[in-house]
Structure formats: C-alpha cells, structure tokens
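Numbering (the numbering used here), first residue to last: 8 to 321. Built from N, CA and C at the ideal position, the CB exists for glycine as well. Taking it in order: structure first as structure tokens, then the write-up.
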C-alpha cells in the first residue's frame, strides 16, 4: 500500500492514531518489555551489562525475587502510554469535530521534502527539550504545586531506572512531563504525519535506552550520555538534569553528575552498602532502601558543596 492510497482510504484521525500506536509498539513497548523480562528472568546475565550493577535490576538484587510492585510499575507505565494515545485522540476529536478546526498534524498525500523533515525535526525536538525542562524543573520539583508530591512519591520512589520506567509516574505528572512536551511541539508546528512518525520514533528509541539502566548502548556517545544523566537525576534526588538531552541543563547550570562526588561515587557507595546488607539477616528490601537513601544523601550533599563552590568562584 502506497502513502497516497493509505491517506485516501482512511480518515486522517485513523491514520494518525494507527501510526502513533505502531511507532510506540515497535520502538518502545516491545523492546522495553523484552528488556524487562530479560532483567527479571535472567538477573545474573542482566547485571553484567547494568550500569549500576544489582542496583539497576527491578528487584534491586539478582538474589531477590521479582515483586508485585515491580509488575505494578510496568503496568502503570503501559497504562500511561495508552493514556497519552487516548489524550491525543481526544485532542484531535475536539479540534476537528467540536471546534471545526483542521487536524493538529498534517495528513496529506504530498510528502515533505528532506530539508523540511530535518527542519521540523529540529524544531520539534528542541521544543520538546524546552517544555520538558520547564515542566520538570519548575512544576514537578516545586513546592508550589501538589503534583510535585505525586511525582516524588511515584517516580522518585524507584531505586534506579529500569526498562519501562520511562513512562512510569502519576498519570497527572506523566501527562504534564511526558505527553505535553512530546505532542505540543508537533501541534504547534503542525508536523507532517511522516515527519511526526520519525520524530516519535526518535523519542521512543531514546526513552527505551535512556531508562533501561544498561551500560551498553547502540550509540554510547549519545544515548549513553542521556542514560547516565537520567540515572543521576533519580539517584541524586532531583538535584538537576531536568531536560531529556541536557541542552537547557547546560545553559541553566543544572547539570549534575560530573566531579569527584558524581555518579560513580553514589553507585560505588550504594553497591558496597548493598553487598554488606546482603551478608546479614533481616528484611532485604528495607536494607536496600536504607543503603540507597544513604548513598543518595551523600551524593546530594556533594552536589550542594560543588554548587556553593561554583557560586563563590563566580
């Protein structure tokens, strides 16, 4: 079936939603579910390529059994993804059926030129970076808004990122921090449907690997850096790294993870305390939690010391 035949034989909304579902399914859901199953079914093999060792496993240790909570995290992540697609459909229905406006995305037989695709991809991804950074820093980590408490008690209750956690959060926080920054730029610039599919595929691949917890990436120089920034944001207690790609973090001075008290320090501390806990009797989950909290506190204190030194130098 050619693109022209597809557009002529189906309503624009159906083309948009089927395309969105297909991209999310093949570039996020299937690989993330496979990674998740790999982690829980073969933890001894998965821990070898985990950036944070046993801390990066869903259960927190290769000796621990998978818990109902870990499946709950995976279930909520998939539910949130379905929610985002439903929200996208609702927006299009309101625009086209209620308000009588044209569709948010351009579904036409005319194919965009290569330079148009590159231009729109750049605008869309940079727009996403701006919105994601602003919402994450000034809404989800602000004491002014109650949604920040939801984000703290949901996403920041995780020990470390693992497959499928890229879409795990309270539904309200998820829509604000994930769906809106992703879909709003596509609406604003009214991306062509083909451009949007490339745009969404890029984001889906990024989310799959950035939240996998693996040290082995298809492109370590790019995806590896995004993944390490994502890890440090969670492990540091949200001291920084609010944007997906780190562009605005670099511009705004909120990048964390470098220096002597950086990511390596927190992981080493967490792993050493985790090993000590495993050698003793008692509640394993509680010991893991205390070990991670102690390591996170040390990392946060180190980050604050670096920020104070930086301000004094300026």
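Item	Value
Can you check DSSP and say which residues form a bridge with residue 357?	The question about residue 357 has no answer here: the residues shown for the chain are numbered 8 through 321.
State the start and end residues of the unbroken alpha helix (DSSP H) segment that holds residue 138.	121-145
Expressed to the nearest angstrom, what Euclidean distance is found between the alpha-carbon atoms of residue 283 and residue 240?	Annotation note: pLDDT 48 at residue 283 (below 50); position unreliable, coordinate value reported separately. Going from the Cα of residue 283 to the Cα of residue 240 covers about 25 Å.
Could you check where the alpha helix (DSSP H) with residue 92 kicks off and where it finishes?	75-100
Please report the Cβ distance between residue 237 and residue 35, rounded to the nearest whole angstrom; I am assuming they are in contact, meaning their Cβ atoms lie under 8 Å.	Going by Cβ atoms, the distance from residue 237 to residue 35 rounds to 15 Å, so no, they are not a contact pair.
State the Cα-Cα distance for the pair residue 7 and residue 87, rounded to the nearest angstrom.	Within the shown structure, residues of the chain are numbered from 8 to 321, placing residue 7 beyond reach of any answer.
Reducing DSSP to helix, strand and coil, say where residue 57 ends up.	strand
Given a cut-off of 8 Å on the beta-carbon distance, is the pair residue 191 and residue 242 in contact?	no
Put residue 333 into one of helix, strand or coil per three-state DSSP.	The question about residue 333 has no answer, for the chain in this structure spans 8 to 321.
Under 8 Å, do residue 136 and residue 247 count as touching if we go by C-beta distance?	no
Going by C-alpha to C-alpha distance, which of 42, 52, 113 and 102 sits closest to residue 193?	113
Quick one: residues in its chain with C-beta nearer than 8 Å to the C-beta of residue 31, no 5 flanking neighbours on either side, listed in chain order?	88, 92, 207 and 211
Whole angstroms are fine: how far does the CA of residue 185 sit from the CA of residue 253?	16 Å
Mind checking whether residue 161 and residue 177 have CB atoms under 8 Å apart?	yes
Please state if the CB of residue 64 and the CB of residue 54 are separated by a distance shorter than 8 Å.	yes
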